[in-house]
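As you go down the protein sequences, you meet chains X and S in turn.
Note that the numbering used here numbers the first sequence so that position 281 is 281, with each residue one more than the last.
Note that the numbering used here numbers the second sequence so that position 104 is 104, with each residue one more than the last.
Just so you know, even glycine gets a beta-carbon here, dropped at the ideal spot from N, CA and C.
Keep in mind the model is a prediction, meaning the values are calculated, not measured.
The structure under discussion appears below in the form of structure tokens.
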Amino acid sequence: MTAEQGTPIQGVTLYSFTRAFHAREYDLDQLIRKTATEGFGPGLEIIGFSSFRGFPEIDDHFAGRFSDLIDEVGLVRTSLAVNADIGLRPDKLMDQDELIAYMRRQIAAAAKLGFPIARVQISLTPDSMEALAPIAEEYGVTLALEVHADQYASHPRILALRDRYEHLGSPFLGFTMDWGATVSGFAPSLIEAYRRRGASEELLAAVVALWDEYYEQGPPADQADHGQRFGRFIGLGHQYGRPDLGIDFGINGTGLFGPARVDDWLEIMPWVRHVHGKFFGIDENGQEPSVPVSDLITLLVTNGYSGAVSSEYEGWHWNHWQSPFEIIRAEQAIQRTAAESAGSRMITDAAEARRAIDAHLSHAVRA
Amino acid sequence: MIPDRIIEQGTLRARGGRAAVEVRLPWYRALPASCISAAKLTIDGAQAPTESLRWEMNGEEFTFADMKTNTAQWWFPTDSAVLSGDLAVDAGEHEVRVDLELYIPYIIIADDQVLHIEEHDTKTMSVRQDEEAYA
């Protein structure tokens, strides 16, 4: 690549701390303060429907108080994760007009809360994204559609979106790169969780071997292939006398750990506006054993990416024995080391991060 | 997702032939009433009749039929809802089981189908008899 080297912005999504928030150990304000105090920022990503009561309705008083808190602690808002709840009424799915109106309210909420990016999801088609582009522009919020796990960068659905983006040329449409699409192994901490649930070593070895087989084959060609892989994970549960674990193997083996290679991201790299530094755990050597964090940071740096990376710890689903805060600290250390080894660095200063994200998005949020 | 959090330990109450327990959302983000599709309340193996079940959330009580079309009331991840039903419960320790069925509104698994999940939790606790109910 001939691009100038990037300086990605360090940050975190509060999703990483779901278990602590759900357990009422930390409320939203306390998590934001903790993020700042621990140095997990400056970038801060929040899921609207997880953290804001009454979302997407945000009153002026709350928005003002939220802004004051962010400024006080010196964090930088990156992405507000929003949801395309097409099945809000499961008996009567939204039509296109209803969906666009539903998304408009969330994009407005992102602007009101001061987030320059709204993370949107794969259920939005190229037509939906085209219809949302003028709304994104009206509010000055970039829509970054998340690419992860089984729908990797070179998946036909993602390429169709990319081609539409290219055709439309809107600076407000892009992607969120989620590292869950380019995983290199079945997470050992999840294997440990199954072990604690009484799974035999033979079964666990078979699960790892099946995932490795799919890694060798690369990501599933289509949804039918995806479904077949899911079925074989379920089959292992039956074969080894633990049918209760089969669906869990399938969901995680195909839905969380995507087996594409790191360079698959090059298909959409110019449209990457935000990054989820998805990972699952840190081993005894201080390394993430199943996500190639260093290679992914190197890819971003060498391709000139100076947007935000939200460390997104997903191991909280099964790992109830380790602190998510320690795990985030360790993963961010790997990111910083990798950026330096690639001849650059991660941005950790808030003022510099604000300038970088403005330049990266080439426009400012309009509340 | 975190099903072990569904039943709030120590919240079993009984009064007037009904039993109630506080429940938590086994998901990371708020869901509307329309996505809380069904529940079961079972105490010591006896299941409350489906038509007697009520769901209390945000200070209002609903039947599951009421909730089907309700997209105004949301279950926030840190809030407890209350599931109640017709069940006589004696003093002392009881095994409480709650089954929940939820729709996940942003995960569309076929053209007209939304992901449907079933989660359950079982916990043992003593009951608090609500005396004024018998007065």
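Could you check if residue i is buried or exposed, using at least 16 other CB atoms within 10 Å of its CB as the buried criterion?
i, result
"residue 92 of chain X", "exposed"
"residue 247 of chain X", "exposed"
"residue 356 of chain X", "buried"
"residue 106 of chain X", "buried"
"residue 134 of chain S", "Confidence is the limiting factor: at residue 134 of chain S the pLDDT is only 45, short of 50, which leaves the residue's position unreliable, though a coordinate-based value still follows. When all chains shown are included, residue 134 of chain S counts as exposed."
"residue 57 of chain X", "exposed"
"residue 174 of chain X", "buried"
"residue 18 of chain X", "buried"
"residue 23 of chain X", "exposed"
"residue 155 of chain X", "buried"
"residue 200 of chain X", "exposed"
"residue 10 of chain S", "exposed"
"residue 33 of chain S", "buried"
"residue 321 of chain X", "exposed"
Taking only three categories from DSSP, how would you classify residue i?
i, result
"residue 62 of chain X", "helix"
"residue 17 of chain X", "helix"
"residue 107 of chain S", "strand"
"residue 116 of chain X", "coil"
"residue 99 of chain X", "helix"
"residue 22 of chain X", "helix"
"residue 50 of chain S", "helix"
"residue 368 of chain X", "The structure shown has nothing for residue 368 of chain X, since chain X only spans 1 to 367."
"residue 101 of chain S", "strand"
"residue 137 of chain S", "Here chain S covers residues 1 to 135 and nothing more, so residue 137 of chain S does not appear."
"residue 71 of chain S", "coil"
"residue 200 of chain X", "coil"
"residue 273 of chain X", "strand"
"residue 183 of chain X", "coil"
"residue 77 of chain X", "strand"
"residue 34 of chain X", "helix"
"residue 175 of chain X", "strand"
Using a Cβ-Cβ distance cut-off of 9 Å, determine whether residue i contacts chain S.
i, result
"residue 226 of chain X", "no"
"residue 13 of chain X", "no"
"residue 416 of chain X", "Since the first and last residues shown for chain X are 1 and 367, residue 416 of chain X lies out of range."
"residue 184 of chain X", "no"
"residue 1 of chain X", "Low confidence applies here, because residue 1 of chain X scores a pLDDT of 45, under 50, leaving its location unreliable; read the following figure in that light. For residue 1 of chain X, the answer is no, since every Cβ of chain S falls outside 9 Å of its Cβ."
"residue 158 of chain X", "no"
"residue 83 of chain X", "yes"
"residue 222 of chain X", "no"
"residue 218 of chain X", "no"
"residue 212 of chain X", "no"
Between which two residues does the beta strand (DSSP E) harbouring residue i extend?
i, result
"residue 261 of chain X", "Run containing residue 261 of chain X: none; DSSP gives neither H nor E here."
"residue 13 of chain S", "13-15"
"residue 145 of chain X", "142-147"
"residue 118 of chain S", "113-126"
"residue 22 of chain S", "18-24"
"residue 194 of chain X", "Segment 188-196 is the alpha helix (DSSP H) holding residue 194 of chain X; no beta strand (DSSP E) there."
"residue 42 of chain S", "36-43"
"residue 86 of chain X", "Premise fails: residue 86 of chain X is in no beta strand (DSSP E) and is neither H nor E."
Can you check whether the C-beta of residue i is within less than 9 Å of a C-beta belonging to chain X?
i, result
"residue 125 of chain S", "no"
"residue 122 of chain S", "no"
"residue 90 of chain S", "no"
"residue 1 of chain S", "yes"
"residue 30 of chain S", "yes"
"residue 99 of chain S", "no"
"residue 76 of chain S", "yes"
"residue 114 of chain S", "yes"
"residue 24 of chain S", "yes"
"residue 71 of chain S", "yes"
"residue 107 of chain S", "yes"
"residue 119 of chain S", "no"
"residue 104 of chain S", "yes"
"residue 40 of chain S", "no"
How is the alpha helix (DSSP H) around residue i delimited, first residue to last?
i, result
"residue 167 of chain X", "156-168"
"residue 240 of chain X", "Here residue 240 of chain X belongs to no alpha helix (DSSP H), and DSSP marks it neither H nor E."
"residue 298 of chain X", "293-302"
"residue 327 of chain X", "324-341"
"residue 81 of chain S", "Element bounds for residue 81 of chain S: not the alpha helix (DSSP H) but the beta strand (DSSP E), 80-86."
Exercise. Would you be able to state if there are at least three C-beta pairs under 8 Å between the stretch 1-12 of chain S and the stretch 56-68 of chain S?
Key: no
Quiz item: Do three or more CB pairs link the stretch 116-130 of chain S to the stretch 47-54 of chain S at distances below 8 Å?
Solution: no
Exercise. Specify whether the stretch 217-231 of chain X and the stretch 338-353 of chain X touch according to this definition: at least 3 beta carbon pairs, one from each stretch, less than 8 Å apart.
Key: Verdict: no, contact absent.
Exercise. Check whether the stretch 65-80 of chain S touches the stretch 114-129 of chain X, taking contact to mean three or more Cβ pairs, one atom from each stretch, closer than 8 Å.
Key: no
Quiz item: If you pair each beta-carbon of the stretch 13-21 of chain S with each one of the stretch 336-344 of chain X, do three or more pairs fall below 8 Å?
Solution: Below 8 Å, too few C-beta pairs join the stretch 13-21 of chain S and the stretch 336-344 of chain X to call them touching: fewer than three.
Quiz prompt | the stretch 308-316 of chain X / the stretch 270-287 of chain X touching (three or more Cβ pairs under 8 Å) | solution = Segments in contact, yes.
Quiz item: Taking three-plus beta-carbon pairs below 8 Å as touching, is the stretch 40-57 of chain X in contact with the stretch 281-291 of chain X?
Solution: no
Exercise. Would you check if the stretch 174-188 of chain X and the stretch 233-240 of chain X touch, i.e. whether three or more CB-CB distances between them fall below 8 Å?
Key: no
Quiz item: Counting pairs of Cβ atoms below 8 Å between the stretch 165-180 of chain X and the stretch 263-275 of chain X, do you hit three or more?
Solution: yes
Quiz prompt | the stretch 78-86 of chain S in contact with the stretch 107-123 of chain S per 3-pair CB rule at 8 Å | solution = Under the three-pair Cβ rule at 8 Å, the stretch 78-86 of chain S does not count as touching the stretch 107-123 of chain S.
Quiz item: Do three or more CB pairs link the stretch 128-142 of chain X to the stretch 94-108 of chain X at distances below 8 Å?
Solution: Pairwise C-beta distances place the stretch 128-142 of chain X in contact with the stretch 94-108 of chain X, as three or more of them are shorter than 8 Å.
Quiz item: If you pair each beta-carbon of the stretch 89-102 of chain S with each one of the stretch 71-83 of chain X, do three or more pairs fall below 8 Å?
Solution: A contact between stretches requires three or more CB pairs, one per stretch, nearer than 8 Å, and the stretch 89-102 of chain S fails this requirement with the stretch 71-83 of chain X.
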